[in-house]
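Engineer: Here it is, the structure in full.
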Amino acid sequence: MLDSVHISDSTIFGSSWVDPELRPLFAEQNRVLGWLEIMAVLADVQAEFALIPEQAAIEIKAAYQGIVIDEAFLKEVSEGFILTNHSLMGLINAVKKHCGAIGGEWLCYGATVQDITDTHTVRTLLKVHQHFLEQLTAIQKILIDLARQHRHTVMCGRTHAQPGLPITFGFKAATWLDELDRHRQRLVELKPRLSMGQLSGGVGSLSSFGPQALALQKAFMQYLGLEVPAISWTSSRDRYAEWLNVLAMMTSTGDRIGQEIVNLQRPEIGELSEGKVNGTVGSITMPQKRNPEISEHLGTLSRVVRHHAAHMAENLVHSHERDGRSWKGEWAIIPDATLATGKSLALLSDLLKGLQVNKERMLANIRATNGLIHAEAVMLTLAKTLGKQSAHQLIYELSLLTQTEGRDFKQAVLDHPKISAILTRKEIDSLFDLEQSTGMCANMVDQVIGRCQPL
1 MLDSVHISDS
11 TIFGSSWVDP
21 ELRPLFAEQN
31 RVLGWLEIMA
41 VLADVQAEFA
51 LIPEQAAIEI
61 KAAYQGIVID
71 EAFLKEVSEG
81 FILTNHSLMG
91 LINAVKKHCG
101 AIGGEWLCYG
111 ATVQDITDTH
121 TVRTLLKVHQ
131 HFLEQLTAIQ
141 KILIDLARQH
151 RHTVMCGRTH
161 AQPGLPITFG
171 FKAATWLDEL
181 DRHRQRLVEL
191 KPRLSMGQLS
201 GGVGSLSSFG
211 PQALALQKAF
221 MQYLGLEVPA
231 ISWTSSRDRY
241 AEWLNVLAMM
251 TSTGDRIGQE
261 IVNLQRPEIG
271 ELSEGKVNGT
281 VGSITMPQKR
291 NPEISEHLGT
301 LSRVVRHHAA
311 HMAENLVHSH
321 ERDGRSWKGE
331 WAIIPDATLA
341 TGKSLALLSD
351 LLKGLQVNKE
361 RMLANIRATN
371 GLIHAEAVML
381 TLAKTLGKQS
391 AHQLIYELSL
401 LTQTEGRDFK
411 QAVLDHPKIS
421 AILTRKEIDS
431 LFDLEQSTGM
441 CANMVDQVIG
451 RCQPL
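Here is the structure:
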């Protein structure tokens with residue numbers, strides 16, 4: 001067997017790139033076994049429709065059941081591929097040797113490579129689809145608990161990386177939850193489009209399957225548990241493009257969450273951090289370091305998937321009824337992106353389970369703004385008397401002054417004659433009350449949880 005080249009196959013590093021539950025689905029032995037099963041089912045159906053001899057179907061099925069897909073068999077198929085430079089001919093010739101006198105002559109009768117490979121890919125992705133739904137549901141349940149637990153945990157809401165207004169951490173977690181729920185819905189919605197098998201022959205016309213071709217095609221799909229396409233999709237690759245784009249969005253949400261934790265774990269902020277695992281090392285030169293490794297790797301995996309989604313968009317452009325430049329690339333990018341997504345979801349689950357929330361630091365960072373985080377509330381209240389633009393100018397100038405002089409913003413508001421002539425001390429105190437400063441955060445947390453609760 002060839003030595004590992006791709007990072008996901010690395011004995012040392014592969015565990016950080018691939019979900020071990022999904023890896024077997026894309027292993028070469030399983031892929032070849034899946035192709036053989038499809039070829040055997042095709043022969044059975046064709047025999048039922050008297051398109052090939054019944055004995056041929058019996059022999060092909062026996063070969064499928066008897067072949068051991070070991071290193072020697074794969075080597076034989078590989079040599080056949082090198083000799084013929086055809087994607088399936090090496091396998092057909094190898095299988096033919098395991099058939100009787102009749103069966104080998106009728107292998108893949110009327111079918112083309114994409115009939116076999118697309119059908120297998122769809123069957124594989126449907127298994128992954130269910131796995132992803134289960135992973136997303138588990139992550140959403142973790143986020144429901146986080147959002148509920150921290151619906152009143154006040155922290156800085158930041159825009160352009162600067163403190164803006166108070167929010168709650170539950171609100172932030174609920175935005176993650178809501179986004180992931182949309183991805184779950186997208187997965188559910190794409191399943192009917194993804195579930196289409198492929199059996200259309202050389203150019204998609206079904207001309208090789210005789211007058212009962214449509215009925216034969218339907219029977220073939222029913223045997224395999226797939227839906228029947230209205231027309232060939234050998235040159236229409238939007239189904240796979242949709243799959244990869246949904247994966248890109250899913251992993252990008254994981255990247256967004258991870259990036260937020262990377263930023264908020266910085267010691268100068270210190271509001272969130274990954275759970276510490278004994279034995280993990282941040283640096284071989286700086287032993288004190290505790291790096292957000294999981295959060296960072298979510299970004300790495302997401303970039304891989306986004307790149308493959310862009311590649312798949314290129315594959316949407318086909319010449320005529322088949323274009324090898326486009327569809328052969330799918331053999332590399334679909335497994336890679338799918339496996340990376342599975343690992344991303346597994347890591348995201350681990351990250352959120354162990355997430356450490358520092359409420360005290362969140363409160364301290366709000367206090368570190370010297371009250372400036374309440375500037376909008378003061379401005380909008382003054383706007384009722386002064387008008388919004390005039391109130392904005394007043395608070396803008398006062399904010400700059402307090403920052404320059406290092407003064408407390410609330411005290412500056414209390415001392416300002418123009419403001420004190422409009423607002424009472426009690427009104428000003430209420431504007432700086434954190435419990436009243438988070439708007440509808442708690443209500444929106446409840447709304448999101450309510451929509452996701454049936455999970």
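Numbering-wise, full-length UniProt numbering puts 407 at position 407 of the sequence shown, and it's gapless, one number per residue. We put the beta carbon where it would ideally sit given N, CA and C, even for glycine. No experiment lies behind these values; they were computed from the predicted model shown.
1. To the nearest angstrom, report how far apart residue 272 and residue 261 are at their CA atoms.
2. Suppose contacts are defined by Cβ-Cβ distances below 8 angstroms. Is residue 456 in contact with residue 414 by that definition?
3. On the three-pair Cβ rule with 8 angstroms, is the stretch 401-411 touching the stretch 121-137?
4. Among all the DSSP beta bridges, which residues are the ones paired with residue 162?
5. Is it buried or exposed for residue 231, if we count other Cβ within 10 angstroms and need 16 for buried?
6. Quick check: what's the CA-CA separation for residue 299 versus residue 257?
7. Return the first residue and the last residue of the alpha helix (DSSP H) that residue 263 is part of.
8. Exposed or buried, what is residue 12 when buried is set at 16 or more other beta-carbons lying within 10 Å of its beta-carbon?
9. When the Cα atoms are used, what is the spatial distance from residue 396 to residue 295?
10. Taking just the CA atoms, how far does residue 169 sit from residue 357?
11. Kindly indicate which three-state DSSP category residue 411 falls into: helix, strand or coil?
12. Could you pull the DSSP bridge partners for residue 356 from this structure?
13. Give me the residue from 53, 158, 201 with the minimum Cα distance to residue 116.
14. Is the stretch 18-30 touching the stretch 341-354 in the sense that three or more CB pairs, one from each, lie closer than 8 angstroms?
15. Please list the segments of the alpha helix (DSSP H) lying wholly inside the stretch 27-71, counting only runs of 4 or more residues, in order along the chain.
16. Thinking C-alpha only, which one of 92, 349, 324 is nearest residue 144?
17. Please report the straight-line C-alpha distance between residue 368 and residue 269, rounded to a whole angstrom.
18. How is residue 153 classed by DSSP in three states: helix, strand or coil?
19. Between the beta-carbon of residue 366 and the beta-carbon of residue 301, is there less than 8 angstroms?
20. Three or more C-beta pairs under 8 angstroms: does that hold for the stretch 44-51 against the stretch 203-220?
21. My assumption, with CB atoms under 8 angstroms, is that residue 316 sits in contact with residue 246. Please give the rounded CB distance.
22. Relative to the C-alpha of residue 157, which residue among 31, 226, 362, 267 is closest?
23. Using beta-carbon positions only, say whether residue 28 and residue 74 come within less than 8 angstroms of one another.
24. Out of 3, 61, 54, 69, point me to the one whose CA is closest to residue 520's CA.
25. Using only the heavy atoms of the ligand ATP, determine whether one of them is closer than 7 angstroms to the beta carbon of residue 35.
26. DSSP beta-bridge partners for residue 227?
27. Quickly, what does DSSP pair residue 168 with across the bridge? List them, please.
28. Please give the ranges of any beta strand (DSSP E) in the stretch 96-136, keeping only runs that are unbroken, at least 3 residues long and fully inside the region.
29. Between the Cα of residue 394 and those of 417, 84, 128, spot the shortest distance and give me the residue it belongs to.
30. Using only the alpha-carbon positions, how far apart do residue 176 and residue 182 sit?
31. Return helix, strand or coil for residue 211, following the three-state DSSP convention.
32. Quick one, which of 292, 203, 94 has its alpha-carbon nearest residue 266's?
33. Closest Cβ-Cβ distance between residue 118 and chain C: below 8 angstroms?
34. Excluding the five sequence neighbours on either side, which residues of its own chain have a C-beta within less than 8 angstroms of the C-beta of residue 249, listed in chain order?
35. So, with DSSP's three-state summary, where would you put residue 362?
36. Apply the 10 Å Cβ neighbour rule to residue 336 and answer buried if 16 or more other Cβ atoms are within range, or exposed otherwise.
Structural biologist: Well, looking at it:
1. 6 angstroms
2. This structure cannot speak to residue 456, because the chain is shown only from 1 to 455.
3. no
4. 159
5. exposed
6. 9 angstroms
7. 238-264
8. exposed
9. 37 angstroms
10. 9 angstroms
11. helix
12. 273
13. 201
14. yes
15. 28-48, 54-66
16. 349
17. 11 angstroms
18. coil
19. no
20. yes
21. Wrong, their Cβ atoms sit about 15 angstroms apart, outside the cutoff.
22. 362
23. yes
24. Because the chain in this structure spans residues 1 to 455, residue 520 falls outside the shown range and cannot be described.
25. Because no ligand of any kind appears in the structure shown, any question about the ligand ATP cannot be addressed here.
26. 196
27. 154
28. none
29. 417
30. 10 angstroms
31. coil
32. 292
33. Of the chains in the structure shown, none is chain C; there is only one protein chain.
34. 183, 186
35. helix
36. buried
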